[in-house]
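*Asks:* One structure, as structure tokens, below. Some questions next.
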Ligand code: 13P
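Numbering (my numbering), first residue to last: 168 to 421.
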């Protein structure tokens, strides 16, 4: 059985001390979490948050890293630097990185390689724009994003990888994909994975949904067969909302 996973992507919000207060609030309300819980704060917060989180069940990740391992890349941060600051995972290919910073499948493929070299858990983000959905191309777009990012890797190397399906039109818009739309895409992603890496790998891979997840809609989304949790933006910045989403785990009573 796949362990339910809920992750908070803080994006470019909070200063380090505010981030510390937020994790303290999350930790004090978490109780006995039945889910795997991650936070992805800005990189400036990693060192500060690593210590309180190390004593807790909550894992820490970074939102982005350079595609190169090291070198003359002013302003960039390598995966190994982020790991040294406490990161255990990395978001790869968030739509904001693809759209605002022009990250291509080739670059994401290199980031995935860096991430696996350093033994960090990769969270590969995929998702179509509204235009792509309206033209009926959404499934092909997502398939292509997965194929480009994972090219050259085998299923064994990608065992720890988590996929986050985040339709671009649902991010920060308040417009959530319906449980049917989300489930349909998640089942498709699992089939793509099965074709590439085999049925057993596809059964094991966790596929998160992201895009306007809130306490009010989390349980219904997470109750879908192929939705294994969520990647939460705005609602992860309020401890109470994030905790309610964490607790909306359909397997909680099993
Ligand atoms: P929102 O939950 O704010 O829509 O953001 C989703 C997201 O982009 C998480 O990575």
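Ideal placement from N, C-alpha and C gives every residue a C-beta, glycine not left out.
In this text, all values refer to a predicted model and were calculated from it rather than measured experimentally.
Could you tell me whether any non-hydrogen atom of the ligand ZN is closer than 7 Å to the CB of residue 190?
*Replies:* By its list of ligands, the structure shown excludes the ligand ZN, since it contains just the ligand 13P.
*Asks:* Alpha helix (DSSP H) containing residue 276: first to last residue?
*Replies:* Looking up residue 276 in the chain shown gives position 109. That run of the alpha helix (DSSP H) goes 272-284.
*Asks:* How is the alpha helix (DSSP H) around residue 384 delimited, first residue to last?
*Replies:* Sequence index remark: in the chain shown, residue 384 carries index 217 (1-based). Residues 382-389.
*Asks:* Could you pull out every unbroken alpha helix (DSSP H) segment of at least 4 residues lying fully inside the stretch 315-394, listed in chain order?
*Replies:* The qualifying runs are 346-364, 366-371, 382-389.
*Asks:* Is residue 288 helix, strand or coil by DSSP?
*Replies:* Walking along the chain shown from the start, residue 288 turns up at place 121. In the structure shown, residue 288 sits in a strand (DSSP, three-state: E or B).
*Asks:* If you drop the 5 nearest sequence neighbours on each side, which residues of the same chain put their C-beta closer than 7 Å to that of residue 421?
*Replies:* For the purposes of this step, residue 421 is taken as residue 254 along the chain shown, with counting starting at 1. Note that residue 421 has pLDDT 47, beneath the 50 cutoff, so the model's placement of it is unreliable and no number is given.
*Asks:* With a 10 Å radius around its C-beta and 16 neighbouring C-beta atoms as the bar for buried, classify residue 408 as buried or exposed.
*Replies:* Walking along the chain shown from the start, residue 408 turns up at place 241. Under this definition residue 408 is a buried residue.
*Asks:* Taking one C-beta from the stretch 295-307 and one from the stretch 271-280 each time, how about it: are there three or more such pairs within less than 8 Å?
*Replies:* As far as the Cβ criterion goes, the stretch 295-307 does not touch the stretch 271-280, which means the pair count is below three.
*Asks:* Would you say the beta carbon of residue 356 comes nearer than 7 Å to a heavy atom of the ligand 13P?
*Replies:* Position 189 of the chain shown, counting from 1, holds the residue named residue 356. Incorrect: residue 356 has no Cβ contact closer than 7 Å to the ligand 13P.
*Asks:* Is it true that the stretch 371-382 meets the stretch 179-197, where meeting means three or more beta-carbon pairs spaced less than 8 Å apart?
*Replies:* Cβ pair count under 8 Å is below three, so no.
*Asks:* Would you call the stretch 301-310 and the stretch 258-267 in contact, with 3 or more CB pairs under 8 Å?
*Replies:* The answer is no - the stretch 258-267 does not touch the stretch 301-310, with fewer than three Cβ pairs under 8 Å.
*Asks:* Return the chain-ordered list of same chain residues with a C-beta closer than 7 Å to the C-beta of residue 287, the five sequence neighbours on each side being excluded.
*Replies:* Position 120 of the chain shown, counting from 1, holds the residue named residue 287. If we look at residue 287 and ignore the five residues flanking it on each side, its Cβ neighbours are 246, 250, 254, 255, 256, 257.
*Asks:* Give me the DSSP bridge partner(s) of residue 203.
*Replies:* Indexing the chain shown from 1 puts residue 203 at position 36. BP columns for residue 203 point to 172.
*Asks:* When the Cα atoms are used, what is the spatial distance from residue 226 to residue 213?
*Replies:* For the purposes of this step, residue 226 is identified with residue 59 of the chain shown, where counting begins at 1. For the purposes of this step, residue 213 is identified with residue 46 of the chain shown, where counting begins at 1. About 11 Å.
*Asks:* Could you name the residues that DSSP lists as bridge partners for residue 294?
*Replies:* Residue 294 sits at position 127 when you count from the first residue of the chain shown. BP columns for residue 294 are empty, so no partner.
*Asks:* With a threshold of 7 Å, establish whether the CB of residue 398 neighbours any heavy atom of the ligand 13P.
*Replies:* Start at 1 with the first residue of the chain shown, and residue 398 comes out as number 231. Within the cutoff, so yes.
*Asks:* If you follow the beta strand (DSSP E) that residue 232 is in, where does it begin and where does it stop?
*Replies:* Numbered from its first residue, the chain shown carries residue 232 at position 65. Element bounds for residue 232: n/a, residue is neither H nor E.
*Asks:* Counting Cβ pairs, one atom from each stretch, are 3 or more of them under 8 Å apart for the stretch 398-418 and the stretch 315-324?
*Replies:* With a cut-off of 8 Å, the stretch 315-324 and the stretch 398-418 do not count as touching, because too few Cβ pairs lie within range.
*Asks:* Using a Cβ-Cβ cutoff of less than 6 Å, which residues in the same chain neighbour residue 415 once the five nearest sequence positions on both sides are dropped?
*Replies:* Within the chain shown, the letter at position 248 stands for residue 415. Once the five neighbours on either side are set aside, the close Cβ partners of residue 415 are 385, 386, 389.
*Asks:* Is residue 333 close to the ligand 13P? I mean its beta-carbon at under 7 Å from any heavy atom of the ligand.
*Replies:* Here residue 333 refers to the residue found at position 166 of the chain shown. For the ligand 13P, at least one heavy atom lies less than 7 Å from the Cβ of residue 333.
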